[in-house]
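In the numbering used here, the protein residues as written are 13 to 168.
The C-beta atom is built at its ideal place from N, Cα and C for all residues, glycine as well.
Keep in mind it's a predicted model, so treat the numbers as computed, not measured.
A short write-up of the structure that comes next.
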Amino acid sequence: MLFNRNSKPTFAAGAALALALLAPIPAAADCFDDAAQYHNVNPWILRAIAAVESNFNPTVVHPRNTDGSVDEGLMGINSIHAPDLARYGVSTGDMRDGCKSVYLGAWHLRNRINERGNTWQGIGTYHSKTPSKRDAYAAKIRRIIDFWIERGIIPR
């Protein structure tokens, strides 16, 4: 696992991500940049969210949350959004399609940023609107971004 909820990123994790991003799967790699551009969000924030939500596993389905919902796919899209997404022709199966999940994650992030501003608070609400959970999530994403910058994965 590259990252988990209680750990800091390691050099091996950064190296693994760099290799994954450079692997000969251009369609998957392009999805982050394309979705970010389409929804006007930062592609590195999307990648960090994917690291936290699924460890870059597009088919992951997390155990049920306390409200009965589940987080699915590469970007950990919560099933609570299924009714809204269905209006756009998006099925729950689409949440587990790697590239579609990235676009859904970018859509969700854009909506949260529209609500809270292009801030860490906006990024944190990708996960939760509860202040303590929101802030912890934003801090986790920031640690990953800082780690990637320190390791030269993200250009300065």
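{"Query": "Give the DSSP-derived three-state secondary structure of Pro36 in the structure shown.", "Result": "Low per-residue confidence applies at Pro36: pLDDT is 37, beneath 50, and the placement is therefore not dependable, though the value from the model is reported in the following sentence. Three-state result, Pro36: coil."}
{"Query": "To which residues does DSSP link Asp45 through a beta bridge?", "Result": "According to DSSP, Asp45 bridges with nothing at all."}
{"Query": "Short of 6 angstroms in beta carbon distance, which residues of its chain neighbour Ser91, apart from the five on each side in sequence? Order them along the chain.", "Result": "Ser81, Val82"}
{"Query": "Below 8 angstroms on the Cβ atoms is my guess for Ile135 versus Ser113; work out the distance and round it to an integer in Å.", "Result": "With a Cβ gap of about 18 angstroms, Ile135 and Ser113 do not count as contacting."}
{"Query": "Going along the chain, which residues of its own chain have a beta-carbon closer than 6 angstroms to the beta-carbon of Cys43, five neighbours each way excluded?", "Result": "Cys111, Val114"}
{"Query": "Throw me the rounded Cβ distance for the His51 and Ala118 pair, which I believe falls under 8 angstroms.", "Result": "4 angstroms"}
{"Query": "What does the alpha-carbon distance come out to for the pair Gly101 and Asp45?", "Result": "23 angstroms"}
{"Query": "Throw me the rounded Cβ distance for the Ile153 and Ile61 pair, which I believe falls under 8 angstroms.", "Result": "7 angstroms"}
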